[in-house]
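Only one structure is covered here, and it is reproduced in the block below.
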Amino acid sequence: WSYWSIVLEETTNNIYIVDQRNAGVTPSLTIGVRVNSTNVYDQITSVGSNSTNAPDYLDNTYYTFIQGVQPDYELAGASLNVSPYLGLNVAPFTIAADFTNNGAQNLTSATFNYSINGGTPVTSSLSSISIPSGSTGTLTSGSTWNPSSTGLYSVKAWLSGLNGSNVDANTANDTVSLDIQVVTALTTRYPLYETFTSSTCGPCTPANATMEAVFDDNPGEHNSIKYQMSWPGTGDPYYTLEGGARRTFYGVNSVPRVEIDGGWDGNGNGVTQALYDQYQNVPAFVEMSATWSRFTKSVETEVTISPLADVTSNNLRLFAVIYSHLDVANVKTNGETEFFNVVKKMMPNENGETLSALTSGQSVTKTLSYTFNGNYTLPANAQSPANLSVEHTVEDFTNLGVILWVQDISTKEVLQSVDATYTIGQFEESLASKINVYPNPTSGDFFVEGNFEAAATLKLMDLTGRTLYQEQADFTGGQKIQISTEGLASGTYLLITTTEGASHAQPVIVK
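Residue 1097 is where the sequence shown ends in my numbering, and the numbering goes up by one at each step.
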């Protein structure tokens, strides 16, 4: 299908035909103005759609039909091709703009003008250019802009001296302008993909596969979390009320649905490398770094937010989710058997933590924590979701992660996100200090000594993950365990010691 619209503008009497959304087809249309069956005042043939299935205006294009006699020279400013956020460290900057030739004459030369904060125009003469009548072209000033300091700047650009000394017939639309924030430096953006999906949703299967393929091609350059939803049918067993709140926040009414940095809102089948690049290339002016640790069923994370520019919004929130890298128990009817980055809990909850306006150069540090309650449960479906105050849906506590982001809850814009780095917690560090493995390297048996407050599990594994030896050991009195390496090839193995929900991996070398 293809969606187009007709807009009638009062006062100007202009008619706009807008190319809005397109999916599954590449239509070629004839558009124009017809007043009856015989009188066609203007038409354009073989018009192709340039839009995608994005629900916002960013990929829209339109055609303008203007009442009256066409002037020889009428150049309308279309857009200023400068990022709204620039890093002072990479100045000077090129000023370019798109202009649409609504005049009858082809444009072959012009004077490009731009001004900063209403100051004296910077001019440069452009020759050997070509913007035919009815077309849009990109023109670039011959003079770069080199701001002296950070701050907010108003930039305007327009043309004059059309094909010599000709004047634009309509000065009301000849200027393009943009407010630009110049910051000390920009940083890498890690886009946040929030996916609404369900194991009862047939179309979710190919959508998730499409997205995961794109994610696999771009490791470590984004953050992805998935909320299992309560429909279609009886819904996903891992649905949570917090996930439902995020659905309401975005107004999601169908699955699969993806929100990219709170902006792009569409079906996961539409996530392409080009779309991925588009959102990753959006300038970022907030840095985030975070760590997290776990003790049994308790998760704690610390995040530092470092703004490179002032963010004056009073609607900022810090959101954090504990997610499972891989779940397999919530299989239902759509054919999926593996579920990636499934949200288990939001910290402190779905409302996030309020942040004050951010000031450039002033970092903010927050600590969040949550302890999972009760025992694991697998609800029959989403109609009776897990009650997180008394139970949980974590299949494997060693398979968790934490993702955090800063978001403006008014505009829904995500400023930055981060996948927290796991760090050994105080308990795990203590565990490592209480284990002694010797001799290591070994050509025969080796011994494991420990002095813990509870029993421990010992597991010897090869580097492919195959378990070669496992034993439940009582180290509460400083005992030691003897392990044979008979039959093992020379090489490196891992001895995994687990007690009270914490684990320590010790390399063991067999000669």
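Glycine is no exception: its CB is placed at the ideal position from the N, C-alpha and C atoms.
Helix, strand or coil: which one does DSSP assign to residue i?
| i | result |
| --- | --- |
| Q866 | helix |
| A860 | helix |
| N985 | helix |
| N687 | strand |
| N967 | coil |
| V762 | strand |
| V1096 | strand |
| N675 | helix |
| S751 | coil |
| G1073 | coil |
| N692 | coil |
| T680 | coil |
| S757 | Correcting the residue type first, residue 757 is Thr in the shown sequence and not Ser. Three-state result, T757: helix. |
| G960 | coil |
| N855 | helix |
| A1018 | helix |
| F871 | coil |
| E595 | coil |
| E888 | strand |
| K883 | coil |
| K952 | strand |
| S716 | coil |
| P893 | strand |
Measure the Cβ-Cβ separation of residue i and residue j and say whether it is below 8 angstroms.
| i | j | result |
| --- | --- | --- |
| Q1002 | A870 | yes |
| T736 | L674 | yes |
| W590 | D605 | yes |
| M762 | L666 | Per the sequence shown, residue 762 should be read as Val rather than Met. Yes, they are a contact pair. |
| T781 | P842 | yes |
| P678 | Q767 | no |
| V976 | L990 | no |
| D994 | N901 | yes |
| V988 | T826 | no |
| A1059 | A1042 | yes |
| N636 | T650 | no |
| T951 | T890 | yes |
| G1036 | T1071 | no |
| T660 | N756 | This sequence places Glu at residue 660; Thr is not what is there. Contact flag set, yes. |
| V929 | Q859 | no |
| H911 | N985 | yes |
| Y1079 | L1046 | yes |
| G830 | S816 | yes |
| L745 | F698 | yes |
| V992 | V872 | yes |
Just to check my reading of the structure: residue i and residue j have Cβ atoms closer than 8 angstroms, yes? What is that Cβ distance to the nearest angstrom?
| i | j | result |
| --- | --- | --- |
| D847 | V1000 | 4 angstroms |
| T1007 | A915 | Not really, about 27 angstroms apart at Cβ, beyond 8 angstroms. |
| T945 | P893 | 7 angstroms |
| T940 | R903 | 6 angstroms |
| N759 | A662 | 4 angstroms |
| T631 | F685 | Contact flag wrong, Cβ pair sits at about 24 angstroms. |
Please check if any C-beta of chain B sits within less than 8 angstroms of the C-beta of residue i.
| i | result |
| --- | --- |
| D1005 | Going by chain labels, chain B is absent from the structure shown, which holds only one protein chain. |
Do the segment 970 to 981 and the segment 862 to 880 make contact, defined as three or more Cβ pairs closer than 8 angstroms? They do not touch, by the three-pair rule.
Just checking, does the segment 787 to 801 make contact with the segment 872 to 882 on the three C-beta pairs under 8 angstroms criterion? Between the segment 787 to 801 and the segment 872 to 882, the count of C-beta pairs closer than 8 angstroms stays below three; the two stretches do not touch.
If we require 4 or more residues per run, which alpha helix (DSSP H) segments fall completely within the segment 905 to 935? Correct list: empty.
Does the segment 846 to 854 come into contact with the segment 814 to 833, if we say contact requires no fewer than three beta-carbon pairs (one atom in each stretch) closer than 8 angstroms? In this structure the segment 846 to 854 does not touch the segment 814 to 833; the number of beta carbon pairs closer than 8 angstroms is below three.
If you pair each beta-carbon of the segment 683 to 700 with each one of the segment 709 to 717, do three or more pairs fall below 8 angstroms? Yes: at least three Cβ pairs fall under 8 angstroms.
Ignoring anything shorter than 3 residues or poking outside the segment 790 to 840, list the beta strand (DSSP E) runs there in chain order. Secondary structure in the segment 790 to 840: the beta strand (DSSP E) runs of 3 residues or longer, each lying completely within the stretch, are 809 to 814 in chain order.
Report yes or no: do the segment 942 to 961 and the segment 910 to 927 share at least 3 C-beta pairs separated by less than 8 angstroms? Contact between the segment 942 to 961 and the segment 910 to 927 is absent, because fewer than three Cβ pairs lie under 8 angstroms.
Unbroken stretches of the beta strand (DSSP E), 3 residues or longer, contained in the segment 1033 to 1060: Fully enclosed beta strand (DSSP E) runs of 3 or longer: 1042 to 1047, 1053 to 1059.
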